[in-house]
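Working notes for the structure below.
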Amino acid sequence: MKTSPHAFPRCANIVLLAIALCASPARAAETVAIPKMTVKVSLSSPYYPVIVRGAEVKTLLGVPAAKIRAIARHGNALEAIPFQIDRKDANGSYELARNVTVNTSMLGAADECVFMTADAGERITLIPEQYAQQPAVEIALVDPKSGAQKWVYLLVTNSAQNLPTPPSKYYVAYDPLRDVIETNAYRIGFSSDHPFMVSSLQWHTGEASKWSPNLLDTMKIRHHGKLFGNIGFTRTQDDYVSRIVAVKEGHVRIIRRTVNSVRVIGYLQSPSVTVDYVAYANGFQMDTTIDFPFPLGWFFSDIKTFTSIDWNDDPALPGLRIHGGDTPKGLAVDGHMTPEKERFNKVAGQRFAVENAYGLLLVQLEMEKPLPVEVHLYLQDDRTRADPPENIPGQYGNVGFLTTGWEKVGTSVHHLLFNVLLLQKTTMEQGSGMLGRYPWKTP
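Heads up, the sequence shown stops at 448 in our numbering, and the numbers go up one at a time, no gaps.
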């Protein structure tokens, strides 16, 4: 496991090339006409990761990715900031190679360059001499509300002696022995039997190495429908075969991939489903790729899929409130259904939130526009209603999404994205404004 992000304070970043800012014109090249791009992103919050696609920095296309650095000016110093490049294929999936420690690829149009707004700095007026003749891009971050600006520079170094030392700071860490992802805000663990399922969630309590108890009972997957028109079937996470196939660790995010299939009849398995957990400092995405070799409607009908989170009902834990649809004050989780909670299930919506004294969790389901699938919110808050498989009998704030219409989906590759934010000391209004814009990238 990489050292915990708590061990790397900001001041540990290696200060680079400070002398360049104070050099005379003879020692530093005057500002050259390097390509510029503008990113309109909130600078009032330090939480935002920024994704810049290779196609947006054309001058760097075809450059060895290992030679590209992100640089920011902080006072009288130039620093290499936390930064990574992740390759993507033509279908929009990450290319994750196993056991590869050196990135030998060239920057492609679909590849993603990732950094954090918190690390951006002042504008550089003098480009250091050793970089002046190499490809570079100036990225201006502009707050759309305040007009405040910060800058990040992507530079290429062609000499080993000119390579800035990579920063030691990591915003996210992965422990392969425990299969746990950890940041300064949250820690999530995964099921050993079904590693595509989150099995634990803990909040950082503000003290060094102090964490809340596990707040989850379990994540749940339920499929209901008919086979050949009249044979009813139900499948749960226990019917899945799942394995971890790759993990890529970076300074800004971790990409953890599982390949999964569900038992259909007997030993017959469904086509594989790839699930990438892409984890950032204050949130993660569950990026699901489904490749149907045949229309599901040939064999299945009335398909309903429930994807939800059931919570730990330990009375010693802080109380929970669920927000979604027309519930401005939220719904108190107490293990009992009410007419208001029943109405929650009729909402055609794609986002909900769960808050308690530790923090605020917000979830948004994002789907391709042509996908003929309908989405409704789903809530069962009834301790007396068992819903196996589960660790704690009964349902305590079991909240998520109901999706229908899967039998209408044709053959091709489809993407579903569960976008999850985990924020502390943040209001519902602030969190809702960030949801859907985290991480930031060009539409």
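Each residue gets a CB set at the ideal place from its N, CA and C atoms; glycine is no exception. The structure presented is a predicted model; accordingly, all values stated were derived computationally and were not measured.
#### Entry: Element boundaries [alpha helix (DSSP H), containing R348]
Run containing R348: 344 to 349, per the alpha helix (DSSP H) assignment.
### Message
Our contact map puts T416 next to P298 with C-beta atoms below 8 Å; I'd like the distance itself, whole angstroms only.
### Response
With 8 Å as the limit, T416 and P298 qualify as a contact, their Cβ atoms being about 6 Å apart.
### Query
For D319, does the count of other Cβ atoms within 10 angstroms reach 16, so buried, or fall short, so exposed?
Classification of D319: exposed, given that the 10 Å Cβ count is below 16.
### Task
Give the straight-line distance between the Cα atoms of A137 and G255, rounded to the nearest whole angstrom.
Whole-angstrom Cα-Cα distance: 28 Å.
### Query
I186: buried (16+ other C-beta within 10 angstroms of its C-beta) or exposed?
I186 is buried by the Cβ-count criterion.
### Query
Where does E61 fall in DSSP's three states?
Look at E61 here: in three-state DSSP terms it is helix.
### Message
Using a Cβ-Cβ cutoff of less than 6 Å, which residues in the same chain neighbour T431 once the five nearest sequence positions on both sides are dropped?
### Response
Excluding positions up to five away in sequence, the list reads L365.
### Message
Quick check on S313: buried or exposed, where buried means 16 or more other Cβ atoms within 10 Å of its Cβ?
### Response
Burial call: buried.
### Message
Here's the rule I'm using: 16 or more other beta-carbon atoms within 10 Å means buried, otherwise exposed. How should S2 be labelled?
### Response
Because residue 2 is not part of the residues shown, which for the chain are 6 to 448, the question remains open.
### Message
Whether or not the segment 112 to 129 and the segment 81 to 94 are in contact is what I'm after, with contact meaning three or more pairs of Cβ atoms, one per stretch, closer than 8 Å; do they touch?
### Response
Under the 8 Å Cβ criterion, the segment 81 to 94 counts as touching the segment 112 to 129, having at least three qualifying pairs.
### Query
Are the beta-carbon atoms of E379 and S306 separated by less than 8 Å?
With contacts defined by Cβ atoms closer than 8 Å, E379 and S306 do not form a contacting pair.
### Task
From the DSSP output, in three-state form, read off M42 for me.
In the structure shown, M42 adopts extended strand secondary structure according to DSSP, grouped into three states.
### Message
With a threshold of 7 Å on Cβ separation, who are the neighbours of R183 within its own chain once the five nearest residues in sequence on each side are excluded?
### Response
Around R183: G194.
### Message
I'd like the span of the beta strand (DSSP E) that includes E84, first residue to last.
### Response
First-last of the beta strand (DSSP E) with E84: 82 to 85.
### Query
Are the segment 40 to 59 and the segment 136 to 151 in contact at 8 Å, needing three or more beta carbon pairs?
Under the Cβ criterion (8 Å, minimum of three pairs), the segment 40 to 59 counts as touching the segment 136 to 151.
### Stretch pair the segment 282 to 296 + the segment 419 to 426: three plus CB contacts closer than 8 Å
Using a Cβ-Cβ distance cut-off of 8 Å, the segment 282 to 296 and the segment 419 to 426 are in contact, since at least three pairs of beta carbons, one from each stretch, lie closer than that value.
### Message
If distances are taken between C-alpha atoms only, which option among P51, Y179, F357, Y282 comes closest to A125?
### Response
P51 is the residue among P51, Y179, F357, Y282 whose C-alpha sits nearest the C-alpha of A125.
### Proximity to D292 [Cα-Cα], best of L301, V280, M372, T263
Nearest of L301, V280, M372, T263 to D292, Cα basis: V280.
### Query
Going straight from the alpha carbon of L367 to that of E360, what length do you get?
Between L367 and E360, the C-alpha separation is close to 8 Å.
#### Entry: D198 (DSSP reduced to helix, strand or coil)
If DSSP states are grouped into helix, strand and coil, D198 belongs with coil.
### Query
Which value, in whole angstroms, describes the spacing of the CA atoms of T223 and L83?
Going from the Cα of T223 to the Cα of L83 covers about 46 Å.
### Query
Which word fits G324, buried or exposed, when buried means at least 16 other C-beta atoms lie within 10 angstroms of its C-beta?
By the neighbour-count criterion, in which a residue is buried when 16 or more other Cβ atoms sit within 10 angstroms of its Cβ, G324 is exposed.
### Task
Sort S98, P69, T389, E143 by Cα distance to I76 and report the nearest one.
Out of S98, P69, T389, E143, E143 has the C-alpha closest to the C-alpha of I76.
### Message
I'd like to confirm the pairing. Which residues does DSSP put opposite G237 in its beta bridges?
### Response
Under the DSSP definition of a beta bridge, G237 partners with K231.
### Task
May I have the straight-line CA-CA distance separating G402 from R326, to the nearest angstrom?
One C-alpha to the other measures close to 9 Å.
#### Entry: Cβ-based neighbour list, D244, same chain, cut-off 7 Å, excluding 5 preceding and 5 following
Same-chain partners within the cutoff: V267, R268.
### Query
Would F406 pass as a contact of L384 if the rule is Cβ separation under 8 Å?
No. Outside cutoff.
### Query
Residues in its own chain within less than 6 Å of G113 by CB, not counting five upstream and five downstream?
Result list for G113: G59, in chain order.
### Backbone secondary structure at Y136 - three-state DSSP
Helix, per DSSP.
### Query
Do V68 and V161 have their C-beta atoms within less than 8 Å of each other?
A Cβ-Cβ contact shorter than 8 Å links V68 with V161.
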